[in-house]
């Protein structure tokens, strides 16, 4: 077989980037892989909008069946996103003996277990490098490059939109809504940015990383997810004064026999490499037993960077096919030292907390007393301003505390008459 | 074939780490790859020293022919380092139909072109992930994960010993010789650290990265190599005051139709991620046309991290073999837009320069005049102390200048009577 026939479903940003690369670099790629990748059919429901690459009309279709049912197509690239009909496209294609390349993190996070089992059953592969970290080869690195390793944790900045917003707030001293407007203007945020801002997209990616690192398929409802929508400029600036940047982190971490899987805003000390990850960049940190602490950094979004990952997957597939036999991806082995998912109540963390309180005698003593009652000890406290009988912010760093105790303490503190507004609490990660 | 037979040549630090991993993780690895990796023979000239893993006497030999000539051995892992007999081991093993895994950057940098051609001729592979960046999967990432990309530059910190020394000088305000003593005590520097300190080890690794990124096999004598042995604590501290850290960088960079390949101490602005890479850590930065700017970071040395890379290579080989047919690594395609290697005289760079001069009227004017004569313009100048009729340091940052002009200017300046000692010049990289 001297070429593979590709069917592309989803001719949007990444899809047209893919077509552009496969055309512009055709001769380079053919020489590199010793085989031709031929685009046989392109499906999209919108065949009207202008793309930055032009294709012959004969390649286009609105009906994905024209691809799924075509026996000449070897590989289906699914880039439409969402659950339906992406799931049907992938499962039907597998059943028809086609290999799959997809960037669909939402689908794989929700239905991956079923789809991977089906692929294995059919002797086919699902490649998904573009689903996490765009062009950063993180999936391949975890799966193959670090195949001998067990992991203690994987955490990182995996959503470019949120990171752009938090970086803008920190760098330009602007509010979240100003930063979001800017992000939309630059094409870094969608019209409806909820999935990004509320941490859902990060959670989808985290589920895939958790699967690769720990061999566990976690359900979205079992991931603790908190987005950045409640982060204020004041907290960004107070954190900075204390030597931290606020980042939206996706974290999967072994704690004894438990696995914690969570997405939330996090204070990261300035010395940590992750604190310097700005704009739409992503960075993923792995703690491994053999290769030690590793960090992978690169643009987390972009037409060509995501398409770069899709092409890498296609190349892997062509090499598998060229070898003449099916070459399955490595088995994912469950880490059996993990006995359970830790419940949010049992999470332990250091915290940044902020209260708005009347500046009158006894308030701080009252707050500290409640924290002490719940076994929470204070590492530092700063009253940010001094205005008699006015409301002033009080910022504290507290030592490791259980989530349950912290929440109870904050509720009690919220009931003090002198404390105005709901207290703010943001986790601190040191490692 | 349900197992592959491995012959290990070189039972030192990494070799014994490899044996430890293959034993401790035997069942995990067998489940992961669906195949057993069996150590059939271990060769070392020293069979007396104690290792942190014990092996049956029957596995051991002092004669590498017992491995190279054994028809039952499928894969030879070469970890002895150096040129001879490593070259003979690898080429004879290839001729006998064995695949190779090696960590030998010196050998591959010098003889790689010949050995890779031989491997391809024999239908076998040479894997060498451990040769650059220990456990960081940088070779696989460039070769496979970023296979669709062309590169504008690759640069990074690829020598743990030098980076440990420079980091110590900066963090602990100590001299180079104190830092080196500490490095030796901690096992981060060899008794004779010349290869590391003088940049040769970095150059070997850079030659391999240049081959992978640009498809060019550069000779060591064509790489500009300057080590860290002349870096003084004073320069580390002045650089820091100006907002820079000094790092030993290995750089391959396209400049128009030229390729620059060089290793030298470099001032890096504190905002750049590479400036925060401390201790024995390595970090490699890639500038690619599709996936953008990427950084890979991790421990650059260590028994288990290097062995982790060797095991990853072995796993790739087992999967190739399991697929039933030879699966060659991807072709390396030469970047034909590169017409020549740029000569050192034509390098252009910003520079940090420091003079020791008598603090008397007219000296600065004299120095500036000479720089101007050679077309070099000054971005900033600081006289670090003020001691009449004493020798004081003068620190300058100069704008982009050609190496040739800078060298000529420094020679002329060195001849001024008031200038004591040879001027110091260190390149500045912004990107």
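Residue numbers (this note's numbering), protein chains in the order written: chain A, 23 to 453; chain B, 23 to 453. Yeah, the Cβ is synthetic: ideal placement off N, Cα and C, and Gly gets one too.
**Request:** Step through the CB atoms of chain B and report whether any lies within less than 9 Å of the CB of residue 333 (chain A).
**Result:** At least one CB of chain B lies nearer than 9 Å to the CB of residue 333 (chain A).
**Asked** Does the region 349-362 of chain B touch the region 75-94 of chain B, meaning 3 or more C-beta pairs lie closer than 8 Å?
**Response** no
**Request:** Grab me the residues of residue 202 (chain B)'s own chain with a C-beta within less than 8 Å of its C-beta, minus the 5 sequence neighbours each way, in chain order.
**Result:** Result list for residue 202 (chain B): 187, 211, 215 and 219, in chain order.
**Request:** Would you mind reading off the limits of the beta strand (DSSP E) that contains residue 177 (chain A)?
**Result:** Segment 173-179, the beta strand (DSSP E) holding residue 177 (chain A).
**Message:** Would residue 233 (chain A) pass as an interface residue toward chain B - the criterion being a Cβ-Cβ separation below 9 Å?
**Reply:** no
**Prompt:** Since residue 377 (chain B) is in the alpha helix (DSSP H), which residue starts that stretch and which ends it?
**Reply:** It is not in any alpha helix (DSSP H) - residue 377 (chain B) instead sits in the beta strand (DSSP E) that spans 370-380.
**Request:** Run through the region 111-152 of chain B for me and flag every whole alpha helix (DSSP H) of 4 or more residues, listed as ranges in chain order.
**Result:** Runs of the alpha helix (DSSP H) inside the region 111-152 of chain B: 127-144.
**Asked** With 16 as the cutoff for other CB atoms within 10 Å, does residue 208 (chain B) come out buried or exposed?
**Response** exposed
**Prompt:** Mapping DSSP to helix, strand and coil, what is residue 436 (chain B)?
**Reply:** helix
**Request:** Have a look at A:332, A:420 and A:109 and flag the residue whose alpha-carbon is nearest the alpha-carbon of residue 372 (chain A).
**Result:** A:420
**Asked** If you draw a straight line from the alpha carbon of residue 56 (chain B) to that of residue 143 (chain B), how long is it in whole angstroms?
**Response** 29 Å
**Asked** Which residue or residues does DSSP assign as beta-bridge partners of residue 418 (chain B)?
**Response** B:375 and B:403
**Prompt:** Along the region 168-196 of chain A, what residues have a CB closer than 7 Å to any CB found in chain B?
**Reply:** 168, 169, 170 and 171
**Integer Cβ distance of residue 43 (chain A) from residue 326 (chain A), believed to fall under 8 Å** = About 7 Å; that satisfies the 8 Å criterion.
**Message:** Would you say residue 58 (chain B) lies against chain A (beta-carbon separation less than 9 Å)?
**Reply:** no
**Prompt:** Would residue 50 (chain A) count as contacting chain B if we go by Cβ distances under 9 Å?
**Reply:** Cβ-Cβ to chain B under 9 Å: yes for residue 50 (chain A).
**Message:** Between which residues of its own chain and residue 330 (chain B) is the CB-CB distance below 6 Å, once the five residues before and five after are set aside?
**Reply:** 157
**Request:** Between the Cα of residue 431 (chain B) and those of B:297, B:377 and B:141, spot the shortest distance and give me the residue it belongs to.
**Result:** B:377
**Contact residues within the region 59-79 of chain B, judged by C-beta distance below 9 Å to chain A** = Taking 9 Å as the Cβ-Cβ cut-off against chain A, none of the residues of the region 59-79 of chain B qualify.
**Asked** Which residues, taken in chain order from the region 265-281 of chain B, show a beta carbon closer than 7 Å to some beta carbon of chain A?
**Response** none
**Prompt:** On the three-pair Cβ rule with 8 Å, is the region 308-318 of chain B touching the region 309-321 of chain A?
**Reply:** yes
**residue 178 (chain B) to residue 115 (chain B) span [Cα, whole Å]** = 33 Å
**Prompt:** Among B:49, B:200, B:442 and B:197, which one has its Cα closest to the Cα of residue 25 (chain B)?
**Reply:** Ranking B:49, B:200, B:442 and B:197 by CA distance to the CA of residue 25 (chain B) puts B:49 first.
**Message:** Relative to the C-alpha of residue 64 (chain A), which candidate in A:31, A:126, A:382 and A:394 has its C-alpha closest?
**Reply:** A:31
**Asked** What is the rounded straight-line gap between the Cα of residue 139 (chain B) and the Cα of residue 145 (chain B)?
**Response** 10 Å
**Asked** How many Å lie between residue 388 (chain B) and residue 426 (chain B) at the Cα?
**Response** 20 Å
**Request:** In the DSSP assignment, find the unbroken alpha helix (DSSP H) run with residue 89 (chain A) in it and report its ends.
**Result:** 87-90
**Message:** If you follow the beta strand (DSSP E) that residue 266 (chain B) is in, where does it begin and where does it stop?
**Reply:** 266-277
**Asked** Rounded to a whole number of angstroms, what is the C-alpha to C-alpha distance between residue 46 (chain B) and residue 52 (chain B)?
**Response** 12 Å
**Item:** Close Cβ partners of residue 261 (chain A) (< 8 Å) along its chain, the five nearest in sequence each way excluded
**Value:** Excluding five sequence positions before and after residue 261 (chain A), the CB atoms of its chain that fall closer than 8 Å to its own CB belong to 267, 268, 289, 374 and 448, given in chain order.
**Item:** residue 186 (chain B) - DSSP class collapsed to helix/strand/coil
**Value:** helix
**Prompt:** In chain order, what residues of the region 35-49 of chain B put their CB closer than 7 Å to some CB of chain A?
**Reply:** Considering only beta carbons, the part of the region 35-49 of chain B lying closer than 7 Å to chain A consists of 43 and 47, in chain order.
**Where residue 216 (chain A) sits in the DSSP three-state scheme** = helix
**Prompt:** Just how far apart, CA to CA, sit residue 282 (chain B) and residue 120 (chain A)?
**Reply:** If you take the alpha carbons of residue 282 (chain B) and residue 120 (chain A), they lie about 44 Å apart.
**Message:** Nearest by alpha-carbon distance to residue 159 (chain A): which of B:310, B:91 and B:223 is it?
**Reply:** B:310
**Prompt:** Any idea which residues DSSP pairs residue 236 (chain A) with across the strands?
**Reply:** For residue 236 (chain A), which the question treats as bridged, DSSP gives no partner whatsoever.
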